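Engineer:
Residue numbers (the working numbering): 865 to 1011.
1. State the DSSP-derived secondary structure class of residue 1004, mapped to helix, strand or coil.
2. Would you mind giving the Cβ-Cβ distance between residue 935 and residue 876, rounded to the nearest angstrom? I have them listed as a contact below 8 Å.
3. Buried or exposed: residue 928, going by 16 or more other Cβ atoms within 10 Å of its Cβ?
4. Taking the alpha helix (DSSP H) that residue 932 falls in, what are its first and last residues?
5. Pull up the DSSP beta-bridge partners for residue 882, would you.
6. So, residue 870 versus residue 931, is the Cβ gap smaller than 9 Å?
7. Label residue 880 either buried or exposed according to how many other C-beta atoms from any shown protein chain fall within 10 Å of its C-beta, with 16 as the threshold for buried.
8. Within 10 angstroms of the Cβ of residue 947, are there 16 or more other Cβ atoms? Answer buried if so, exposed if not.
9. When you compare only the Cα positions, how much space is there between residue 883 and residue 896?
10. Out of 982, 941 and 999, which one is the CA nearest neighbour of residue 885?
11. With a threshold of 16 other CB atoms inside 10 Å of the CB of residue 993, please say whether the residue is buried or exposed.
12. Have a look at residue 956 and residue 962 and give me their C-alpha separation to the nearest angstrom.
13. Suppose the cutoff is 6 Å on Cβ atoms and the five residues either side in sequence are ignored; what does the same chain contact list for residue 998 look like?
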């Protein structure tokens, strides 16, 4: 990232997950400290002998706030990847359980799963038999992989 141009989502996606998380945490920690110091100063409660030096925790720039947004989206993408749903389905989770975990409805979770399976079949080399099995798992009222 450059100082004059914020990191984009696609640039964040080029980083490793560990680097995404480390940078996000670095910015989030600095943001928290800068806001806490500013709050103490606004209340007249800041004590330079007791509290951190504001110069060590400058407020985030616009580019850094945007970088946090891009990193957050990239991290969320990794953790909400549809393959995770496939793992849960195969492990025996029901669509209601998956929906609760994903903050959606069972039907929306099933539809997203079917779309993922179709994309895997079309673009990622999922074979016909595995695709048919995934569609069958997507049709089940209770997804359990052992049913």
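The beta-carbon is built from N, C-alpha and C at its ideal position, and this holds for glycine as well. Only a predicted model underlies this, so the values are computations on that prediction, with no experimental measurement involved.
Structural biologist: A quick look at the data gives this:
1. The residue given as residue 1004 occupies position 140 in the chain shown. Reduced to three states, the DSSP call for residue 1004 is coil.
2. Looking up residue 935 in the chain shown gives position 71. Looking up residue 876 in the chain shown gives position 12. Their Cβ separation, rounded to whole angstroms, is 5 Å, which keeps residue 935 and residue 876 in contact under 8 Å.
3. For the purposes of this step, residue 928 is taken as the residue at position 64 of the chain shown. Buried: at least 16 other Cβ atoms inside 10 Å.
4. Translated into positions along the chain shown, residue 932 becomes position 68. 926-943 is the extent of the alpha helix (DSSP H) around residue 932.
5. The count along the chain shown starts at 1 and reaches residue 882 at position 18. The partner list for residue 882 (beta bridge, DSSP) is empty, contrary to what the question assumes.
6. For the purposes of this step, residue 870 is identified with residue 6 of the chain shown, where counting begins at 1. For the purposes of this step, residue 931 is identified with residue 67 of the chain shown, where counting begins at 1. Result yes, Cβ atoms of residue 870 and residue 931 sit closer than 9 Å.
7. Locating residue 880 in the chain shown gives position 16, counting from the first residue. Exposed is the call here.
8. Numbered from its first residue, the chain shown carries residue 947 at position 83. That one is exposed.
9. Within the chain shown, the letter at position 19 stands for residue 883. Within the chain shown, the letter at position 32 stands for residue 896. Residue 883 and residue 896 have their C-alpha atoms some 20 Å from each other.
10. Position 21 of the chain shown, counting from 1, holds the residue named residue 885. Comparing Cα-Cα distances from residue 885 to each of 982, 941 and 999, the minimum goes to 941.
11. In the chain shown, residue 993 corresponds to position 129, counting from 1. With fewer than 16 Cβ atoms within 10 Å of its Cβ, residue 993 is classed as exposed.
12. Along the chain shown, one-based indexing puts residue 956 at 92. Along the chain shown, one-based indexing puts residue 962 at 98. Taking the straight line from one Cα to the other gives about 10 Å.
13. Position 134 of the chain shown, counted from the first residue, corresponds to residue 998. Apart from sequence neighbours up to five positions away, the residues of its chain that approach residue 998 with a beta-carbon distance below 6 Å are 981, ordered along the chain.
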